[in-house]
Every structure is written in structure tokens, then in C-alpha cells.
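Below is one structure; the comments refer to it alone.
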Ligand SMILES: [Zn+2]
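In the numbering used here, the protein residues as written are 16 to 233.
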């Protein structure tokens with residue numbers, strides 16, 4: 016089963032996203048992971064850059080289908096090439112300690128569409144793990160969905176259904192879509208809340224993404 020995590024098996028979070036400290040931004044712009052050496056793609060995307068930086072060491076940048084940029088840093092070696100289309104399960108590099116690093120780890124960072132330093136989102140949320148130092152196992156974070164719209168399951172709404180910005184009816188913003196609207200299920204069963212199972216979906220006609228109650232499909 017695929018995950019959104021760049022490692023497989025047992026791993027540790029050794030430094031949380033947004034921890035305050037001696038970084039140029041004043042806080043940690045990614046998350047630090049220690050585990051098996053092989054680094055996987057985390058999304059069905061395309062390699063846009065491979066480089067070396069005195070802070071980031073050897074790094075790979077992958078553009079994800081949602082327009083964000085996944086950065087994999089401090090690598091000992093790179094096993095992909097610029098322009099290559101990858102999947103979550105593609106081996107793209109090997110964990111290392113290049114650049115400004117005190118020990119072997121992966122700095123995994125997700126930048127928003129600007130792809131600028133410190134314009135980031137929470138990589139723990141993307142991976143589905145807590146943003147908390149500790150030990151984890153990727154087998155607990157499998158996903159059944161696929162963010163590549165070419166291979167996603169196309170569904171049709173059986174009734175008028177709200178698209179919500181959070182997987183809950185409580186305090187989330189809602190936009191109503193009518194029965195027979197088609198959508199792709201990006202990740203099924205991402206949450207159980209308010210008596211429903213929620214899916215992360217992508218509305219086909221306008222590309223909007225959010226959460227819907229999965230009982231409302233045909
Ligand atoms: Zn880091």
C-alpha cells in the first residue's frame with residue numbers, strides 16, 4: 016500500500032515542522048525524519064530540480080499534482096533525473112547528511128506554489144502523521160487514494176452534497192454541489208467525524224479540492 020511518507024517501515028520524527036530555532040526563517044520549514052535509507056516520491060509528480068545547497072545539501076524538488084513542491088534534502092545520492100515523472104512508490108534518492116546537517120536524516124519540506132523559502136505547509140498533515148517527535152511506522156498510514164487524476168476513481172454525487180474545507184460538518188466552510196456532479200476521490204476514509212466517513216475529493220469541473228461525506232456517491 017502506498018503512503019504519502021518518503022520512507023517505509025519504522026521511522027522517527029526528530030524535529031517538528033515550525034519548531035522555533037536558529038533557522039533563517041526563525042523556525043523549521045520542514046520536518047526531519049530518520050529511518051530506512053531509501054527515499055520515495057511521496058506523490059505522483061515530476062522532478063523539477065536536483066541540486067546542492069550549503070544548507071540543504073543534495074536535494075530533489077518534485078512538483079506535486081496540487082501545484083506544491085516537495086523538497087527532499089541532505090541526500091547522500093540521487094536516483095532520479097530532472098523532468099522524470101514519478102509516483103509515490105518511485106525510489107528517488109538515498110538518505111544522507113550533506114549540507115548543514117549533524118547526522119543522517121531527511122529534511123522533507125512542502126512549499127506552496129511560490130516554491131519560495133518559508134512559504135510552506137505542514138508536511139506532517141500531508142503524510143497523515145502527528146507533527147510530533149517520536150517513533151512511527153508507515154504501515155499505519157497507508158492510503159487507498161491516488162492524487163494523480165489520471166488514475167483516480169471517478170464518482171458521481173447521488174444527491175446534493177457540500178464540499179467542505181475540513182472533514183467535519185462543525186465549523187467548516189461548505190460549498191454545495193448538485194447531484195450528478197462528478198469528482199475524483201483523492202483519498203478515501205481520511206477521517207470519521209459527525210457520524211460520517213469523509214473522503215478527500217477533487218471536483219472535476221473546477222478542480223476544487225476538499226472533503227465530502229463518502230456515503231453520498233452513486
Ligand atoms: Zn530539517
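All C-beta atoms in this analysis are idealised placements derived from N, C-alpha and C, irrespective of residue type, glycine included.
Go ahead and pull the three-state DSSP assignment for residue i.
i	result
residue 137	coil
residue 142	helix
residue 99	coil
residue 67	strand
residue 229	helix
residue 151	strand
residue 156	helix
residue 21	coil
residue 83	coil
residue 45	coil
residue 179	strand
residue 131	coil
residue 55	strand
residue 40	coil
residue 195	coil
residue 164	Confidence in residue 164 is poor, its pLDDT being 41 and thus under 50, which makes the residue's placement unreliable; the coordinate value appears in the next sentence. The answer is coil: DSSP assigns residue 164 none of H, G, I, E or B.
residue 76	strand
Count the other CB atoms within 10 Å of the CB of residue i; is the residue buried (16 or more) or exposed (fewer)?
i	result
residue 50	buried
residue 149	exposed
residue 97	exposed
residue 72	buried
residue 192	buried
residue 205	buried
residue 47	buried
Would you please state the rounded distance, in angstroms, between the beta carbons of residue i and residue j? I believe it to be under 8 angstroms.
i	j	result
residue 26	residue 54	Their Cβ separation, rounded to whole angstroms, is 11 angstroms, which puts residue 26 and residue 54 out of contact at 8 angstroms.
residue 77	residue 56	6 angstroms
residue 89	residue 116	5 angstroms
residue 95	residue 79	Going by Cβ atoms, the distance from residue 95 to residue 79 rounds to 15 angstroms, so no, they are not a contact pair.
residue 178	residue 218	7 angstroms
Within the same chain, show all residues whose beta-carbon is closer than 7 angstroms to that of residue i, passing over the 5 residues directly before and after it, in chain order.
i	result
residue 211	228, 230
residue 35	41, 42
residue 130	84
residue 113	72, 73, 89, 90, 91
Apart from the five residues just before and just after residue i, which ones in its own chain have a Cβ nearer than 6 angstroms to its Cβ?
i	result
residue 224	217
Can you list, in chain order, every residue whose CB sits closer than 6 angstroms to a heavy atom of ligand 1? 30, 43, 45, 47, 122
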